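Residue numbers (the numbering used here), protein chains in the order written: chain R, 1 to 453; chain H, 454 to 906.
Even for Gly, the Cβ is constructed at its ideal location relative to N, Cα and C.
Fair warning: this is a prediction, and the values are worked out from it, not measured in the lab.
The structure appears right after this line, and notes come after that.
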């Protein structure tokens, strides 16, 4: 065959270190009313080995052999050349994607789930609590818990819990316990339900519940696990971009011209892009585009502020782009992109002009998802369609300009658990969900007493 | 890392020819009341290029470059060493599996779907009809049709249509049109519905409907496509076993001691095993085990007879193990294993003593599936759990005997679309479904007037 579609790596070629962007850009510290939050303040929430990673400014961090071995259940992930999509678009661009959909849970999330579960196990943790939006993260942590031997409890945003009933069954098959959030199991959940009995829920609320469930366990053997946002999570995901670098080289390419990933909390975007942000800091000319839904436009419309990571204000303040911790996004199907904030590292990189954020409305995303399914063959997760819609924009731009650009994007997950959204899209029942401008002014008002980053 | 979990191949290492077992064992011909059925009798049903393959006794058949290129969307498939399962079982056996679950449709079925769609396109076909049990095949053909540009209509066995609503949405996302069978769209369907309005349906009925829909299309541009049973389908699947041979060699293994695959119509089993059946014919000592449900025990309990492939008796007579064309299997969740007959090549190989068939009850299969999900990490399709249950039997046997056996099996598909079955199993709501002995005597009675193979 003249055309090689997949660029693969042997297990022996896997990266042996994660890249830590915190070594190269400076983020303001976590903040509390008493000033910057020291590492030991997290002791109830996270195991200290992960807290150390969270505060680390080492550029390269060794990946323990045991974690590498766990990752080989599905890694290295192939990089595909999207010949069929290129042909359908008639673009001179060469489009590549990392296929993170081949993990047993169907997305990039297990990259950090197995790492976090492993560090927790080392530390003596017996049980993990977490939240999940679309269910990708809850599935990934249930998967990791089952491999490593940890109990897992997942608070799933109600709108997704209802839209995606199979996600709960998936977690359950791996032994995870998944309940809808807000729930009556926590103070945070009960308070929200009293005020808004019909709330679709939000990641912010689910985080509050998972945090509360962890820190109130009297045995002290329960810790909390977060699937995105924090520095150590971004770092665990950089294996995606580090593999991609080797693969681009094998494909005979230099650095890409454009890098694209969808961004909710930021983890799949960071995973692919941060190793290339490093190149950009060192002079490379790359457009690096995080893509979010127009109905939850953290990077493109929200200010860079200090805000809580959760609705009940249990977390310290994080310096990040935020729509306000009380923001409840419209019920779009890309549940993983419905978060009021954005990873502090991604936010800071955007502030530093290293990123070129963009937002795309729901219908354009589904249209792109269908085109991808019918050309490349894989049905994308609704989150992933945001990246694909932007790839199509960039490929069309390359066509107009007549430029042979290299576009690399992260195919963060498959959509086999999200087919109800496709069904509704094909039946013409979906809309774009306007960005709720009225809500945001009110939500940001409460941040006025907070410090500025 | 000391342990390499996956043995991978480059696209350039893909097999360039399929293996055709019909060169090495002798099957009785298709039969009609007028005697053996000549190739041209199939002209209304299949394109002649596929009919030629069906009748071919060439040992090696070239795979067209265009089909190889289509297959590279997901092939070569990795072979995994099941270290975690071995450890959980404490077995001295070395267990390997081909991971066919990584195709966009989630199973081995696309291997023949893209081949059949391509040959049809070459021949001028515009539309394909087919049947599907669990939905794996209907999804695979919809996927192939979308890549190649053919309309696809799928008759899905009603019990699975109801149990697995997402399968329909999957086909629809790729542009396929899926309806429940028996339907009111065909004479065959209407007749069954009149007699048995509440029938769960069967593959035999769905085949009748799909055949009727193809041959009654007045334009002549509609052909029928079968996802299993026939010789050309088995041949297209041999790429699995041919890849596995290369991978075992890379892993430093000689021929395996035991080969295992689940068998409904026979295609994933044949795909993995036939290249090794060739070795066995030539003197190799290998136990080759097709595994079926105890509630639909074609190879283990049914006679080797001439019977129709479908309920409405539209197909010629095939020499095969059959429970009778009117047999309606109990509603087990492994919908792809609910077929009254068995591939003529698999049936003949069993008659020739080349295979050692076995059957496993539903509960043992789900138990094995859960163990696999919690150790190896991937949730298996209910069909695939039949192979896994048998792998566990063989691994335990190797432990008792203290033998370092090499066991190879086909991980034919993932269970992400089949989680309702796992949910019911975990809730204790599933039973083993006894084999309906009373039905079979009656069903075989009608075959008494048929010739003997």
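Proximal residues to residue i (C-beta, below 6 Å), its chain only, five neighbours per side dropped
| i | result |
| --- | --- |
| residue 363 of chain R | 432 |
| residue 11 of chain R | 72 |
| residue 204 of chain R | 310, 311, 325, 340 |
Test item: CB-CB of residue i and residue j under 8 Å
| i | j | result |
| --- | --- | --- |
| residue 587 of chain H | residue 617 of chain H | yes |
| residue 453 of chain R | residue 28 of chain R | yes |
| residue 338 of chain R | residue 296 of chain R | yes |
| residue 922 of chain H | residue 813 of chain H | The structure shown does not extend to residue 922 of chain H, since chain H spans only 454 to 906, so no value can be given for it. |
| residue 425 of chain R | residue 351 of chain R | no |
| residue 206 of chain R | residue 152 of chain R | no |
| residue 458 of chain H | residue 534 of chain H | yes |
| residue 41 of chain R | residue 129 of chain R | no |
| residue 341 of chain R | residue 446 of chain R | no |
| residue 492 of chain R | residue 77 of chain R | Because chain R here runs from 1 to 453, residue 492 of chain R falls outside it and cannot be looked at. |
| residue 389 of chain R | residue 373 of chain R | no |
| residue 396 of chain R | residue 169 of chain R | no |
| residue 851 of chain H | residue 744 of chain H | no |
| residue 154 of chain R | residue 45 of chain R | no |
| residue 450 of chain R | residue 310 of chain R | no |
| residue 394 of chain R | residue 258 of chain R | yes |
| residue 159 of chain R | residue 200 of chain R | yes |
| residue 591 of chain H | residue 585 of chain H | yes |
Same chain only: Cβ atoms within 8 Å of residue i, ignoring 5 sequence neighbours per side
| i | result |
| --- | --- |
| residue 720 of chain H | 561, 562, 565, 680, 681, 682, 686, 687, 690, 796 |
| residue 126 of chain R | 150, 151, 219, 221, 222 |
| residue 489 of chain H | 482, 483 |
| residue 637 of chain H | 643, 646 |
| residue 670 of chain H | 580 |
Residues near residue i in its chain [Cβ-Cβ closer than 7 Å; skip 5 each side]
| i | result |
| --- | --- |
| residue 68 of chain R | 14 |
| residue 414 of chain R | 101, 106, 378, 379, 380, 381 |
| residue 782 of chain H | 655, 748, 749, 791 |
| residue 50 of chain R | 116, 119, 232 |
| residue 274 of chain R | 19, 21, 234, 238, 241 |
| residue 665 of chain H | 639, 640, 641, 767 |
| residue 439 of chain R | 327 |
| residue 699 of chain H | 462, 466 |
Where residue i sits in the DSSP three-state scheme
| i | result |
| --- | --- |
| residue 718 of chain H | coil |
| residue 467 of chain H | coil |
| residue 860 of chain H | strand |
| residue 81 of chain R | strand |
| residue 202 of chain R | coil |
| residue 773 of chain H | strand |
| residue 118 of chain R | helix |
| residue 782 of chain H | coil |
| residue 338 of chain R | coil |
| residue 35 of chain R | strand |
| residue 365 of chain R | helix |
| residue 767 of chain H | coil |
Amino acids of chain H, ordered along the chain, whose beta-carbon sits closer than 7 Å to that of residue i
| i | result |
| --- | --- |
| residue 529 of chain R | The shown model of chain R, from 1 to 453, leaves out residue 529 of chain R, and the question about it has no answer. |
| residue 143 of chain R | 830 |
| residue 15 of chain R | Within 7 Å Cβ-Cβ: nothing; residue 15 of chain R doesn't reach chain H, min ~13 Å. |
| residue 426 of chain R | 625 |
Residues that residue i contacts on chain R, provided the C-beta gap is smaller than 9 Å
| i | result |
| --- | --- |
| residue 615 of chain H | What residue 615 of chain H touches in chain R: nothing, since even the nearest Cβ is about 15 Å away. |
| residue 526 of chain H | 5, 6, 80, 84, 376, 377, 378 |
Residue i: contacting residues in chain R (beta-carbon distance under 7 Å)
| i | result |
| --- | --- |
| residue 548 of chain H | Those within 7 Å of residue 548 of chain H in chain R number zero; the least Cβ separation is about 14 Å. |
| residue 865 of chain H | The premise fails here: residue 865 of chain H is roughly 16 Å from chain R at the closest Cβ pair, so nothing lies under 7 Å. |
| residue 875 of chain H | 169, 173 |
| residue 464 of chain H | 1, 4, 5, 6 |
Neighbouring residues, chain H, relative to residue i (Cβ below 8 Å)
| i | result |
| --- | --- |
| residue 370 of chain R | 626 |
| residue 102 of chain R | 555 |
| residue 106 of chain R | 869 |
| residue 146 of chain R | 826, 827, 830 |
Under 9 Å by beta carbon: chain H residues contacting residue i
| i | result |
| --- | --- |
| residue 150 of chain R | Per Cβ cutoff of 9 Å: no residues; residue 150 of chain R is ~12 Å from chain H at best. |
Please confirm if the segment 698 to 711 of chain H is in contact with the segment 764 to 781 of chain H, defined as three or more CB-CB distances below 8 Å between the two stretches. no
Is the segment 587 to 601 of chain H in contact with the segment 560 to 577 of chain H, if contact means three or more CB pairs nearer than 8 Å? yes
Per the contact definition of three or more C-beta pairs closer than 8 Å, is the segment 83 to 98 of chain R in contact with the segment 401 to 416 of chain R? yes
Can you confirm whether the segment 166 to 175 of chain R touches the segment 276 to 287 of chain R when touching is taken to mean that 3 or more C-beta pairs between the two stretches lie within less than 8 Å? no
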